[in-house]
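See below for the structure under consideration.
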């Protein structure tokens, strides 16, 4: 039981950090950026390159990767999204698919299709029947700090409140003198940096391949849909709900429940949980559980 | 030279043109009211002044500076404060945060500006930590005006301050507008459906018909019968072209 809890928290953390970035940009620009998943993969590779090729310590390499991915997201905005600022959200979403496919093939061309691994020293910890590693602890702690930092930024800082103002009422924010274009740059930088962090945490725990985007895409979009698109708290709540649902489902011995031999739902069905959750939310609460960029408290 | 000067302004939203070669100006110390029927382009005139519409031709000067091509946030920085009729506050932000955003360009004025806002509208002081979505329509309008004042504007643009408010709340809002004008000396350009209230307050009025100035005169010379003819004429024009918003 504790193991399910531990696994859910770890997986939920990785998904949440990536989902936060999509919600951030969605809240102001009103489109779901599919290329965000690629930003996460790029962040993973950037950390790998800094850490392996330049022997930068992993924490510093991750920080450098966040800055790099943030700047990269800003660059893509300048090249692609700024030029289509007044296109419909659907149009932007399709453009973001195009960006995603382009980045995906560039990554594959540079790094090849084989898996890369971070070789980090880690110790196994056992607490009350649950097994996890010091790396898991680090991942969860970093995630918590990143969430707290985002919360403090959005609630208390002048630019954070201004971002929420833009998300809430774009025209009024402009009329009050908030420089929307500069704020959008900040938004992309933050979003990209969180993607870079999330991608790194994901890759550290598993592996790095150009096609890990397929493992990230579905749970991240399910999480933001469950939580409410455009709400950063919703992204976290959605990621946790999804992660717990997936881990609980594959841990229940359904065979014994009906008095037969042991039978578990195969772990490949995790994605089916995400799809089911997505469909249920879209059917019964299409706006998600929470609305607005940090408008409603979790 | 007038403070705000709009010359031969043709503007609208996307492909839809609402203003048709409109001339309008506001001088220092003036309260100017724009009157007209629904769809005559009153609100569009204000939105064009602050830069929220698409301008086709003409130009807008503020304080002798050509602002025709400036985005709204730059116009705010020059001292123009606009209070929309609807969606006039950040509903998901608290009252305090709303005022903080009013002072976005003047962070050093935040504390003093908030005190001024609460003196002008004491009702807001009790609701500082509440999200603006919990406020009534009247309170929202007060908050929006207070927010606009934090910019220390040189010109206040008010879009139908009395719309959808109970009569006693209308009085509160208009008293505040008068106080703002008398104590702070801020010139005001006002769009108003409530003709008698507008005439009480304004020095000069424009009557708009189908996006053009049909009549311009000092407020005391307004002939209400003539106004009615213009309104009916304008109303017919608007009815013939549905889809034009006021």
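Residue numbers (my numbering), protein chains in the order written: chain A, 209 to 506; chain B, 100 to 345. By construction, the Cβ of each residue, glycine as well, lies at the ideal position given by its N, Cα and C atoms.
- What residue 246 (chain B) touches in chain A, judged by beta-carbon distance under 8 angstroms, is 384, going in chain order.
- Spatial neighbours of residue 252 (chain A) in its own chain (CB-CB distance under 6 angstroms, excluding positions within 5 residues in sequence) are listed in chain order as 407, 408, 411, 416.
- For residue 105 (chain B), the nearest beta carbon of chain A is not closer than 8 angstroms to its own beta carbon.
- The beta carbons of residue 144 (chain B) and residue 194 (chain B) sit no closer together than 8 angstroms.
- For the segment 350-375 of chain A, residues whose beta-carbon sits nearer than 7 angstroms to a beta-carbon of chain B comprise 366, 369, 370, 372, 373.
- Residues of the segment 195-222 of chain B with a C-beta atom less than 7 angstroms from some C-beta of chain A are 196, 199, 200, 201, 203, 204, 206, listed in chain order.
- Within chain B, the C-beta atoms nearer than 7 angstroms to that of residue 379 (chain A) come from 151, in chain order.
- Look at the segment 386-409 of chain A: the residues with a C-beta under 9 angstroms from a C-beta of chain B are 386, 387, 388, 389.
- It is roughly 11 angstroms from the alpha-carbon of residue 185 (chain B) to the alpha-carbon of residue 257 (chain B).
- Counting only residues of its own chain and dropping the five nearest sequence neighbours on each side, residue 259 (chain B) has a CB closer than 7 angstroms to the CB of 184, 290, 291, 292.
- Put simply, the CB of residue 190 (chain B) is near chain A, with a gap under 8 angstroms to one of its CB atoms.
- Around the Cβ of residue 432 (chain A), a 10 Å sphere holds 16 or more other Cβ atoms; the residue is buried.
- Secondary structure of residue 359 (chain A) (DSSP, three-state): helix.
- Counting along the chain, residue 455 (chain A) sits inside the alpha helix (DSSP H) bounded by residues 440-457.
- Taking residue 277 (chain A) as the centre and dropping the five residues before and after it, the same chain places the C-beta of 247, 250, 251, 254, 400, 401, 403, 404 closer than 7 angstroms to its C-beta, in chain order.
- Under the Cβ distance rule, residue 250 (chain B) counts among the residues neighbouring chain A, one pair being separated by less than 8 angstroms.
- Rounded to whole angstroms, the gap between the alpha carbons of residue 142 (chain B) and residue 132 (chain B) is 11 angstroms.
- Scanning the segment 269-343 of chain A for uninterrupted alpha helix (DSSP H) segments of 4 residues or longer gives 297-319, listed from N- to C-terminal end.
- Taking residue 157 (chain B) as the centre and dropping the five residues before and after it, the same chain places the C-beta of 106, 107, 108, 109 closer than 6 angstroms to its C-beta, in chain order.
- DSSP places residue 297 (chain B) in the helix class (H, G or I) of the three-state scheme.
- In the three-state scheme derived from DSSP, where H, G and I count as helix and E and B as strand, residue 199 (chain B) is classed as helix.
- Between the alpha carbons of residue 451 (chain A) and residue 217 (chain B) lies a gap of roughly 47 angstroms.
- At a cut-off of 8 angstroms between beta carbons, residue 168 (chain B) makes no contact with chain A.
- Straight-line spacing of the CA atoms in residue 234 (chain A) and residue 274 (chain A) works out to 20 angstroms.
- Burial is judged here by how many other beta carbons sit within 10 angstroms of a residue's own beta carbon; residue 228 (chain B) has fewer than 16 and is exposed.
- Proximity to residue 271 (chain B) across B:304, B:161, B:219, B:317 peaks at B:219, based on C-alpha coordinates.
- For the C-beta of residue 176 (chain B), the chain A residues within less than 8 angstroms are, from N- to C-terminus, 385.
- Note that the segment 223-237 of chain A touches the segment 434-451 of chain A; at least 3 beta-carbon pairs, one per stretch, sit closer than 8 angstroms.
- In the structure shown, residue 204 (chain B) falls within a coil segment according to DSSP collapsed to helix, strand and coil.
- For residue 162 (chain B), the nearest beta carbon of chain A is not closer than 8 angstroms to its own beta carbon.
- Closer than 8 angstroms to the CB of residue 112 (chain B) there is not a single CB belonging to chain A.
- Per DSSP, the unbroken beta strand (DSSP E) holding residue 305 (chain B) starts and ends at 303-308.
- Residue 436 (chain A) places its beta carbon less than 8 angstroms from that of residue 495 (chain A).
- The three-state reading of DSSP puts residue 127 (chain B) in coil, since its state is none of H, G, I, E or B.
- Here residue 244 (chain A) is buried: its Cβ has 16 or more other Cβ atoms, across all protein chains shown, within 10 Å.
- For residue 317 (chain B), the uninterrupted beta strand (DSSP E) run begins and ends at 311-317, by DSSP.
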